[in-house]
Each structure stands twice: as C-alpha cells, then as structure tokens.
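A.B. asks: My structure is below; once you've seen it, I'll send some questions.
Numbering (the numbering used here), first residue to last: 1212 to 1513.
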C-alpha cells in the first residue's frame, strides 16, 4: 500500500511521464535483486520515457501505460483536455508552473473549460485532478486508478516471472504513439507473438465490482478469437474469479498492437472501475487481487 500511495501522488498527464517513469525505474532497481529472475532493463533517451523489462526467453509481453488524463493551460484562463477527463465544475486541479504550485477549480462553460486561479498560468502547463486516495477493506478510490493499478499489477508479477516482457508505455490516454517503436525493439531483441494489456476497464451492466478480473472479448477493437479462446481456457483452469467483458467502445495499447505490422495477438485483462476518468475512480480490492493472480497464472502458462 505504501508503494501505491507514493505512485498515486505523482502527476503524469500524457506527454509528461518523466517523473513517474523515474519512480518506476527506481522501484525496479530496488526490487529486482529479490525477484526470481533478474531482468534486462531497457530505458533512456532511445526509449523516451518508456521502460522495458526482459525476463528469460519471453513468449508473452505485458503492456501497462504510465500516463493519465488531465488538462493543459491555453490562453488567459482557458484549459484544453488531455485525453478524456470527466468535466465536473468545481473539481480541484493541481500543477506547477515557473512561478510555483497551482491549486484551482475547474470551470465548465458551454463554450469552453477554464480555471479560477487568481493569476495567469504559464501556457502549456499540465494540470491534473487533486488526489484524494482512499483505501478500506473493500475498495480503493481516488484519481488515476487508470492506469496506476495496471502499473502496480505489472510490477507485482515481476516477482516470480521467469520468461516474458514487461513494458511500461506512454501516451495511451491521448492517442498512443510509443507502441510502434517499442514493438520494433521487442521484435528485434526477443520476438513474441502474444500480448496482454494490463489496464483498468469499466463497471457496466455486465461487469460488476467483486466479480473478479475482467477479460475483454472486445472493446471498440476486436482481437483474434483463437487467442481469446486460449486465454479463456487457461483462465478457467486457473480457478481465479473472472468475468467477461463485451463492449463496443473504448481502447487501449491493444489497438496499436492490432494496427502494427506484426502478427501479435492481444487480450485486455483488468479490474473494473466505477466513476471512470474522474477524481473518484473506484476499484474493488478483490478484483485487483484477481487481476494480479490471473496475470501470474497466464504468464506462466501461455
């Protein structure tokens, strides 16, 4: 929980992932000597803010995006969204520019969105929801569970992973863009033909809190059914609680895998959340536990 609390305090709106990337990298170097297999770690300017971990002889890659939705300041007191944040007037936003820290409220107008900070904020400053993380016996609630929990899951499965890629990506919430060069690197370094997307999905009329991790048969995009069937067969064998998701909207790093030039199958697997893209996203701890357990099982058996 201490790691989660620290992770949730770091702002990383799409395009500004450096700080969270450094935090994840430091965590990797602190922990990796205690993992079952010490991975090769790839990072640096050639990878922008992305991080890749190669364990043994990979058969499957796990992708988890580090960025979040948020806002960017424009002219006067105007804001532009980054990704698709929920627009609720009066919500507190935080950030920092050349003159210091910023805390202001979101103003939602018919024609534009603005802030109420008493001075002009530097143009191009990132603002994000003020964090109010709450954890009890049943739920974790706050901003940016999407995709802080996906990152948490990816790091947790590193403990006993013997073979596989774990990849921390950028830009996912605002159209993607890092996946093409990451896939090129993976396919040159140690190719795979299957992937899992460690991300957080939605509570809907068919996917509920406490039902286990959600395995997505489709969202806006449709992965290859033969691979989905393979994943579902293993999920059933695992004995871990899961629920099936079928939607016609939404997307993830899986989209860029499917649109790439490589024949890599993919499946989105993640805990469902309520209050999507708001300061009060909510996930059941039981579903998060099922998510970690399912990834551990699948990475050992796929």
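No residue lacks a Cβ here, since even glycine has one placed at the ideal position from N, Cα and C.
What's the gap between the Cα of residue 1424 and the Cα of residue 1465?
C.D. replies: Along the chain shown, one-based indexing puts residue 1424 at 213. Along the chain shown, one-based indexing puts residue 1465 at 254. Looking at the two C-alpha atoms, the distance is approximately 17 Å.
A.B. asks: By the 10 Å Cβ neighbour count, where 16 or more other Cβ atoms means buried, how is residue 1373 classified, buried or exposed?
C.D. replies: Along the chain shown, read from residue 1 onward, the residue named residue 1373 stands at position 162. With fewer than 16 Cβ atoms within 10 Å of its Cβ, residue 1373 is classed as exposed.
A.B. asks: Would you decide whether residue 1457 is buried or exposed? Buried here means 16 or more other CB atoms lie within 10 Å of its CB.
C.D. replies: In the chain shown, the residue the question calls residue 1457 occupies position 246. Classification for residue 1457: exposed.
A.B. asks: Would you mind working out which of 1386, 1392, 1484, 1489 sits nearest residue 1415, comparing C-alpha positions?
C.D. replies: Translated into the one-based positions of the chain shown, residue 1415 becomes position 204. Checked all of 1386, 1392, 1484, 1489; the closest Cα to residue 1415 is 1484.
A.B. asks: Tell me where the beta strand (DSSP E) around residue 1363 begins and ends.
C.D. replies: As a position in the chain shown, residue 1363 is number 152, starting the count at 1. No beta strand (DSSP E) contains residue 1363, which is instead part of the alpha helix (DSSP H) from 1356-1367.
A.B. asks: Cα-Cα, which of 1475, 1472, 1221 is closest to residue 1342?
C.D. replies: Stepping through the chain shown from its first residue, residue 1342 is reached at position 131. Selected option, being the one with the closest Cα: 1221.
A.B. asks: Which ranges would you report for the alpha helix (DSSP H) in the stretch 1461-1513 if only whole runs of at least 4 residues count?
C.D. replies: For the stretch 1461-1513, whole alpha helix (DSSP H) runs of length 4 or above, ordered along the chain, are 1464-1469, 1496-1512.
A.B. asks: Please identify the residue among 1469, 1363, 1328 whose C-alpha is closest to the C-alpha of residue 1378.
C.D. replies: Taking the first residue of the chain shown as position 1, residue 1378 is located at position 167. Answer by Cα proximity: 1363.
A.B. asks: Under the three-state reduction of DSSP, which class applies to residue 1243: helix, strand or coil?
C.D. replies: Taking the first residue of the chain shown as 1, we reach residue 1243 at position 32. Helix, per DSSP.
A.B. asks: Quickly, what does DSSP pair residue 1446 with across the bridge? List them, please.
C.D. replies: Sequence index remark: in the chain shown, residue 1446 carries index 235 (1-based). Residue 1446 is not bridged to any residue.
A.B. asks: For residue 1325, which residues in the same chain have their Cβ closer than 7 Å to its Cβ, ignoring the five residues on either side in sequence?
C.D. replies: Residue numbering aside, residue 1325 sits at position 114 when the chain shown is read from its first letter. Excluding positions up to five away in sequence, the list reads 1288, 1289, 1290, 1318.
A.B. asks: Apart from the five residues on each side of it in sequence, which residues of its chain come closer than 7 Å, Cβ to Cβ, to residue 1269?
C.D. replies: What you label residue 1269 is simply residue 58 of the chain shown in a count that begins at 1. For residue 1269, where only same-chain residues beyond five positions count, the Cβ hits under 7 Å are 1374, 1375, 1376, 1401, 1403.
A.B. asks: Compare the beta carbon distance of residue 1295 and residue 1337 with 8 Å and say whether it is the shorter of the two.
C.D. replies: As a position in the chain shown, residue 1295 is number 84, starting the count at 1. As a position in the chain shown, residue 1337 is number 126, starting the count at 1. No; because the gap between Cβ atoms is not below 8 Å, this pair is not in contact.
A.B. asks: Starting from the C-beta of residue 1471, find all residues in its chain whose C-beta is less than 8 Å away, skip the five residues before and the five after it, and write them out in chain order.
C.D. replies: Position 260 of the chain shown, counted from the first residue, corresponds to residue 1471. Excluding positions up to five away in sequence, the list reads 1390, 1391, 1394.
A.B. asks: Report yes or no: do three or more beta-carbon pairs, one from the stretch 1500-1510 and one from the stretch 1473-1484, lie closer than 8 Å?
C.D. replies: A contact exists between the stretch 1500-1510 and the stretch 1473-1484.
A.B. asks: Residues in the same chain with beta-carbon distance under 6 Å from residue 1275, minus the five sequence neighbours each way, listed in chain order, please.
C.D. replies: Walking along the chain shown from the start, residue 1275 turns up at place 64. Cβ neighbours of residue 1275 beyond the five flanking positions: 1361, 1362, 1365, 1379, 1409.
A.B. asks: Helix, strand or coil for residue 1233? Go by DSSP, reduced to three states.
C.D. replies: Counted from its first residue, the chain shown places residue 1233 at position 22. The answer is helix: DSSP assigns residue 1233 an H, G or I state.
A.B. asks: Tell me whether residue 1268 sits in a helix, a strand or coil according to DSSP, three-state version.
C.D. replies: For this step, residue 1268 is matched to residue 57 along the chain shown. The answer is coil: DSSP assigns residue 1268 none of H, G, I, E or B.
A.B. asks: Terminal residues of the continuous alpha helix (DSSP H) containing residue 1217?
C.D. replies: Along the chain shown, one-based indexing puts residue 1217 at 6. Note, residue 1217: alpha helix (DSSP H), 1213-1219.
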